[in-house]
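Written below as C-alpha cells is the structure these notes are about.
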Amino acid sequence: MDLSTTIAGVRFPSCFMNASGALCVTREELLALGRSCAGAIVTKSMTVEPRDGNSTPRYYGFSGGSINSMGLPNLGYRAYAELIPELKRLGKPVIASVAGLCEDDFPTIAAMIDAAKPDLIEVNLSCPNIPGKPQIGYDAEASERLLKRVRKVITVPMGVKLPPYFDPAHHSAMGAVISRCGVDFLNLINSVGNGLVVDPEREVVVIKPKGGFGGLGGSIIKPVALANVRAFWKIFEGRMPIIGTGGVVNGVDAFEHLLCGASAVQIGTVLVEEGLGVFRRLETELTEQLDKKGYKKLEDCRGKLKEL
Ligand code: SIN
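First residue of the sequence shown: 1, per the numbering used here; consecutive thereafter.
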C-alpha cells in the first residue's frame, strides 16, 4: 500500500519517521536514517553551540515505556547546516529541529538553518530536560513572542513541537497562539515531563539528571498523545497538518494516530529499543491494518474517529 503522505506541501515517501532525539544526533546516524525505510530524516534539536548533554545514565527503557533526560546533546546548528545538503541527496525530506537555551537563540538558529534549506523546520518548544529552563510551550505569551520572531526568518514550512496539554483550556489557548503565528504544521507531542521512574529493588531513581525526573515516552503515553492530536485536529477543523508522536509501537498504534487526525507518525522509544528495522515492520503492520479495515490509502481514515 502507498503510505506516502504530504505535510505543508512536502511529500514524504512514508508516513513513519524518527522523532527528534532518536538516533539522529551524529552524521552517521542521520545518514543511516536516510538509507532506512524512514519517510524523512529529522535532526536532533539543535542549539547554538554543540552540547554533550546531561550526565549519564540519562535514558532508561522499561516495559511500557522510557524515561529520558538527555539535555539536548547535539552538534550545534553550524554542523547540521553543513550536513543538510548531503542529507537531502538521500531523496527524502529533511526536517531540522530547532531548540535553544534562551529565546534569542531560536531566531538566530532558525535563520542560519533556513539558509541551508531543509525541507521543513520544526521549532521545539517542549524540551523538559534542561535544568532550570521550563518548557516554553507551557507559557503561551513566550510561545507567541518566540514563534512570531522565528516566523519572520523561516522561509520553508514551519512546524511546532508542543508539550502535552492536559486540559481543554490549554489546548484552546495554545491553538489561538498557533493560529496567530503562521504555523504550517504541528508535532504532537514531546515526551511527558516530568515523570519519575523508581527501581523499588535498589530503592533508587533510574536516570541521573534532575534527581531522576525526565520525559516519559513509549506505550504509556499513547492516550495523552492521541488526546492532543485529536484536540488540535478539532481546533483547526482538520486543516492543520499534524505529526502524531507518542506511544507508537505497532501498526495499530499508528492507525489510532491517523484516526485522531495525524498525517504522519514519529517514533522515539521503539526506534531506540528496536533500531532502524522498526520502520519496515511498522509499514507492514499499518498496511495490514488498513487492508483489514478496507481503507485504500491513509487519507481515507485520517481524522475519522467516531464519537459515541
Ligand atoms: C533532550 O534532549 O533532553 C530531549 C529533547 C526534547 O525532549 O525535546
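Cβ atoms here follow ideal geometry from the backbone N, Cα and C, with glycine treated the same way.
Would you mind reading off the limits of the alpha helix (DSSP H) that contains Y80? Start at 1 with the first residue of the sequence shown, and residue 80 comes out as number 80. Residues 77–88.
With DSSP as the reference, label T43 as helix, strand or coil. Here residue 43 is taken as the residue at index 43 of the sequence shown, counted from 1. Three-state result, T43: coil.
Counting only the same chain and skipping the five closest in sequence on each side, list residues whose C-beta sits under 7 Å from that of R27. For the purposes of this step, residue 27 is taken as the residue at position 27 of the sequence shown. Around R27, the same chain offers L83 as residues with beta carbons nearer than 7 Å, after the five sequence neighbours per side are excluded.
May I ask you to report which of helix, strand or coil DSSP gives V198? Translated into positions along the sequence shown, residue 198 becomes position 198. Correct three-state label for V198: strand.
Give me the residue from E29, C15, G9, L3 with the minimum Cα distance to G275. Within the sequence shown, the letter at position 275 stands for residue 275. Residue E29 is the option with its Cα nearest to G275.
Considering just the uninterrupted stretch of the beta strand (DSSP E) at S179, what are its terminal residues? In the sequence shown, residue 179 corresponds to position 179, counting from 1. No beta strand (DSSP E) contains S179, which is instead part of the alpha helix (DSSP H) from 168–180.
If you draw a straight line from the alpha carbon of N54 to that of K210, how long is it in whole angstroms? The sequence position of residue 54 within the sequence shown is 54, counting from 1. The sequence position of residue 210 within the sequence shown is 210, counting from 1. The alpha-carbon atoms of N54 and K210 are separated by roughly 9 Å.
Take the Cβ of R202 as the centre, count every other Cβ of all protein chains shown within 10 Å, and call the residue buried at 16 or more, exposed below. Taking the sequence shown and counting its residues from 1, one reaches residue 202 at position 202. Exposed, since its Cβ has fewer than 16 Cβ neighbours within 10 Å.
Any heavy atom of ligand 1 closer than 8 Å to the beta-carbon of A32? Indexing the sequence shown from 1 puts residue 32 at position 32. Not under cutoff, so the answer is no.
Got a sec? Which residues, its chain only, sit under 7 Å from Y80 by beta carbon, not counting five neighbours each side? Residue mapping note: residue 80 aligns to position 80 of the sequence shown, counting from 1. Excluding residues within five positions, the ones whose Cβ falls inside 7 Å are T43, M46, A96, I113.
Using a Cβ-Cβ cutoff of less than 6 Å, which residues in the same chain neighbour R302 once the five nearest sequence positions on both sides are dropped? Position 302 of the sequence shown, counting from 1, holds the residue named residue 302. If we look at R302 and ignore the five residues flanking it on each side, its Cβ neighbours are L258.
Contact between the region 210–224 and the region 134–148: three or more CB pairs below 8 Å? No, they do not touch.
The beta strand (DSSP E) spanning M17 covers which residue range? The sequence position of residue 17 within the sequence shown is 17, counting from 1. Element bounds for M17: 16–18.
Alpha helix (DSSP H) runs wholly inside the region 227–287, at least 4 long, in chain order: The alpha helix (DSSP H) runs of length 4 or more contained entirely in the region 227–287 are, from start to end of the chain, 251–260, 269–274.
Closer than 8 Å: L271 CB and nearest ligand 1 heavy atom: The residue you call residue 271 lines up with position 271 of the sequence shown. No - ligand 1 has no heavy atom lying nearer than 8 Å to the Cβ of L271.
Less than 9 Å separating the beta-carbons of G218 and G34? Numbered from its first residue, the sequence shown carries residue 218 at position 218. Numbered from its first residue, the sequence shown carries residue 34 at position 34. Inclusion of G218 and G34 in the CB contact set at 9 Å is not warranted, their separation being larger than that value.
Let me check one thing: in DSSP terms, what residues is Y310 bridge-paired to? Not covered by the structure: residue 310. The range shown for the chain is 1 to 308.
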